[in-house]
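**Student:** Going by our numbering, the first residue of the sequence shown is number 284, and it counts up by one from there.
Cβ coordinates follow ideal geometry from the N, Cα and C atoms, glycine included.
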Amino acid sequence: MDNTNTDWQHRASCRDEDPELFFPVSEVGPGAQQVQQAKKICAQCPVSSECLAYAQRTGLDFGIFGGMTPEERRESGRRARGAARVADSRESAARR
284 MDNTNTDWQH RASCRDEDPE LFFPVSEVGP GAQQVQQAKK ICAQCPVSSE CLAYAQRTGL
344 DFGIFGGMTP EERRESGRRA RGAARVADSR ESAARR
């Protein structure tokens, strides 16, 4: 299976926007406004979940994808891994 299928990109709300909007230099000061503007576009996007999954799957470290900053994506991944560990622990305990 091809994990980098990008057919969804043709339906993305950002396709006609300035790409630089989605790659702010910082998340503070003027960059914070840029992040918020990018997130507004993502919030209306019909393929934001595919975009986010693509960024997480491919390990993209920069830019707003699926309405999340790189730090938000990292935090989301940490939470998901933590939840998986808890579920595995419970499952192991239940088998004992």
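Check the DSSP bridge columns for F348 and list the partner residues they point to.
**Tutor:** Note: F348 sits in a beta bridge opposite M351.
**Student:** Using a Cβ-Cβ cutoff of less than 8 Å, which residues in the same chain neighbour P353 once the five nearest sequence positions on both sides are dropped?
**Tutor:** Only L343, D344, F345, G346 meet the Cβ criterion.
**Student:** If we call anything under 8 Å between Cβ atoms a contact, is C334 one with G312?
**Tutor:** Not closer than 8 Å, so no.
**Student:** Report buried or exposed for R356, applying the criterion of at least 16 other Cβ atoms within 10 angstroms of its Cβ.
**Tutor:** The residue in question, R356, is buried, as its Cβ has 16 or more Cβ neighbours within 10 Å.
**Student:** How many angstroms separate the CA atom of S359 from the CA atom of R340?
**Tutor:** The straight-line gap from Cα to Cα measures roughly 13 Å.
**Student:** According to DSSP, simplified to helix, strand and coil, what is C328?
**Tutor:** Reduced to three states, the DSSP call for C328 is coil.
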